[in-house]
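Here's the structure, in structure tokens; my notes come after.
Residue numbers (our numbering), protein chains in the order written: chain A, 89 to 534; chain B, 89 to 534.
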């Protein structure tokens, strides 16, 4: 390996077992070792790595922070991991065009800290935002709690520099705001999970950073009323930036482990609106009215300290659940918002049928739920897996998609055709056309 | 032909010269005859047409209203035109999910009239909106004056039913708001100009229809000041829905032919803001202030009659120009907004250098300009074409794209590689993978 990558300094080619261990995982339970790790610092080095791997028939797996919940950056059998964390420069912030160009290894929150100095903002806000990298976000089409208002990473990608399987470097898109020139290759590359090419620079259209926000927490003691109120709020003419849900198993976990009192609510809904003036206060009142009319007890928050307090419960959800069982299987389905009440009922029914604990939180505003399956034994894990397969079938039957923001990776690969049918073959045809040697992240997605 | 398409009733297979004439044109000067026209009414018929054509090695050109300014729906040599105008049903309006499904032949403005009954709105607003079809808009990634605020057709496509070259029908996307599941085939299909598949149903995410608007017209007697003020307005934190520009040759044409007095302005800028309450009035004042500070004389309009009057000049632009010369070559470049002043200077320089009349209007807010070349003789046309080639080179040198909303078609095909370089080959590889027999619209884009 050192010989194959002799164009890199020795310290940027890792082959020792203890070094490789650091690259053998992501946020899924699996562990797989690569045969080597390379750490490029430039586009030219990435291109040379790809040419060398293509020549030798080696596969390459791109990696940022390794925070994936789907297994996308897990090493494949006999692969070389391309670690992008040394390519972490912000190349340019262009205020006039509200554009930023950065290398793929830049961390999401660091990018936003720099943008904030210019009054700008890159909204997709994954849970792993304090550590995850831009390249990973583009590869997975990441998003988070703000997607209901601002969309996903794909909506912001203006340009991409990509190394293809041939080792050629292509530039897609630009700083301009619209184009009708040829196929939209950059949207194809966004969300391709490292299977079509390696990103070496990402350009983003960004937006003015909101200066004002206001929040609401609504506590329901009736599960269906809550789900229906969410649907009503989303269908309304409201400018909601965040609309989160936590069901009773999540509420209980948060109450017992964090000591936050949530009045043993059956369902909690958190909402936030963002803007550029105090009209956010009227808007959150309009949102709150819908939930109050649906029977919730509602609290509002207008300053940062109050809002932060409100968010404590939501932020405690995953850590609190993690203490309830030895294994958490965190799912990520999305259904049309109209189907949210029915989907939540079906999740409850699955818990009963399979005698398994399921705690559900998620981004209700865009129909993206994270039903989290708790298991303490192999036997319980087996029941959880059976329930998850049914969950996927129910979600698809309601017009949904297998993943809102975590990607397919290896975790959802067995179910991919269930969702896409014949379109899965079209994707495979594109993969073969762009990467005939299957160099990039083989065995992922399909 | 009648035999090959014997599964269609005779009156929906056209082969007579006088019938074919109606399909031999689009909005470019070229004329080309197909060998037949078929008029399907269902997805199954479209699939059968594709299977028949694939079997016989015939090529198929999809067609809606034929309003293209790039030649995309012009018949290819020996092709069969698939006329989608009989597939014009609105299948479903779903208020809860703010979603509409329609067949490709539905006319843009008819779709919006139906949506308006539900308080909804599909914003991309091509100049041909009163006649152009949804299928054509998706194929070309159409947009118009509102793209600066609302983006292009691609931003709204939620799902597509597509007939592939194999005759298989695939469904892409759905009613859900976000997904990270596999390649974004629907974004790839949007803007593919009929070269990858035929659309049989389109699902759109739509938005609440704004209830309030306000407009501004700013008249400059200094060209550079106007361009710089536009850049400043766009870079500001303003919620501008429309930002149009007309230069002095356009102003003169409008004044002489429509009798509207525009004070012989050097540059006119029109802006509009849209929203859900009277805050649009404050917002348009903020926009107006930027232009007033830059030296323009500014008028505001707050009611529909005043706004309509303001728009009369803009709407008269193209008809007025059409009366100035026997041939108009309407171009469609987009540059980053920061490059707008420089691009406009270079257009002026091209007019002088090539001794050709160029009148420029366009959607300045997103950097999309329509420099319109006027010619009255073959010799003048030759100079115009030489100037247009230089225009493209200048536009690309400034980081722009060949087309903001008209597509490549046949008109810009010679320049496609200039913009895309090696990425053009990636597009060709995808075309070959999805349509190995080159059934769909051969000879377009690349």
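Even for Gly, the Cβ is constructed at its ideal location relative to N, Cα and C.
Residue state for residue 456/A is assigned as strand, using DSSP reduced to three classes. Within the stretch 260 to 278 of chain A, contact with chain B at the beta-carbon level (separation under 8 Å) is assigned to 260, 262, 263, 264, 265, 266, 267, 268, 269, 270, 271, 272, 273, 275, 276 and 278. Under DSSP, the beta-bridge partners assigned to residue 171/A are 151/A. Under DSSP, residue 449/A forms a beta bridge with 334/A and 458/A. Listed in chain order, the non-local C-beta contacts of residue 341/A below 6 Å within the same chain comprise 408, 409 and 412, local neighbours out to five positions each way being set aside. Exclusion of the five residues before and after residue 390/B leaves 302 and 369 as the residues of its chain whose Cβ lies within less than 7 Å of its Cβ.
In the three-state DSSP reduction, residue 316/B falls in the helix class (H, G or I).
Put simply, the backbone Cα of residue 187/A is about 14 Å away from that of residue 488/B. Close CB contacts of residue 180/A within its chain, under the 8 Å cut and outside five residues either way in sequence, are with 187, 188 and 189 (chain order). In its chain, beyond the 5 residues on either side, 253, 254, 255, 525 and 527 have a beta carbon closer than 8 Å to the beta carbon of residue 142/A.
In this structure, DSSP gives residue 215/B a state outside helix and strand, which the three-state scheme calls coil.
Taking C-beta atoms under 8 Å as the contact rule, residue 160/A and residue 495/A qualify, at a distance of about 5 Å. Listed in chain order, the non-local C-beta contacts of residue 476/B below 7 Å within the same chain comprise 417, 419 and 461, local neighbours out to five positions each way being set aside.
For secondary structure counted as the alpha helix (DSSP H) over 4 or more consecutive residues, the stretch 335 to 376 of chain A holds these complete runs in sequence order: 336 to 346. For residue 301/A, no alpha helix (DSSP H) segment is defined; the enclosing uninterrupted segment is the beta strand (DSSP E) at 300 to 308. Interface annotation, residue 508/A: in contact with chain B, CB-CB separation under 8 Å. Ranking 457/A, 481/A and 486/A by CA distance to the CA of residue 231/A puts 457/A first. Chain-order list of chain B residues neighbouring residue 454/A: 265 and 266, by C-beta distance under 7 Å.
Here residue 110/A is exposed: its Cβ has fewer than 16 other Cβ atoms, across all protein chains shown, within 10 Å.
Residue 520/B has its alpha-carbon roughly 46 Å from the corresponding atom of residue 336/B. Residue range 511 to 522 is occupied by the alpha helix (DSSP H) that includes residue 517/A. DSSP links residue 421/A through a beta bridge to 457/A. Counted as a single uninterrupted DSSP element, the stretch harbouring residue 107/B is not any beta strand (DSSP E) but the alpha helix (DSSP H) occupying residues 105 to 109.
Under the three-state reduction of DSSP output, residue 296/A falls in the strand class.
Residue burial is scored here from C-beta neighbours: residue 400/B has fewer than 16 other C-beta atoms within 10 angstroms and is therefore classed as exposed.
For residue 105/B, the number of other beta carbons within 10 angstroms of its own is below 16, and it is reported as exposed. For residue 504/A, the enclosing alpha helix (DSSP H) has its first and last residue at 504 to 508.
Residue ranges of uninterrupted alpha helix (DSSP H) with 4 or more members, entirely inside the stretch 248 to 290 of chain A and ordered along the chain, are 273 to 277.
If you check each beta-carbon in the stretch 193 to 227 of chain A against every beta-carbon of chain B, the ones closer than 8 Å belong to 207.
Taking a Cβ-Cβ threshold of 9 Å, the residues of chain B close to residue 323/A are 183, 184, 185 and 186, in chain order. In terms of beta-carbon proximity, residue 521/A lines the interface with chain B, with at least one pair separated by less than 8 Å. Its Cα nearest to that of residue 226/B, the residue 192/B stands out among 204/B, 101/B and 192/B.
For residue 424/B, the C-beta contacts it makes with chain A under 9 Å involve 182, 184, 185, 187, 262, 263, 264 and 265, in order along the chain. When C-beta atoms of the stretch 192 to 211 of chain A are compared with those of the stretch 267 to 283 of chain A, fewer than three pairs fall below 8 Å, so the two segments do not count as touching. Contacts with chain B at 8 Å (Cβ-Cβ) do not include residue 151/A. In this structure the stretch 354 to 365 of chain A lies against the stretch 288 to 299 of chain A, because at least three pairs of beta carbons, one per stretch, are closer than 8 Å.
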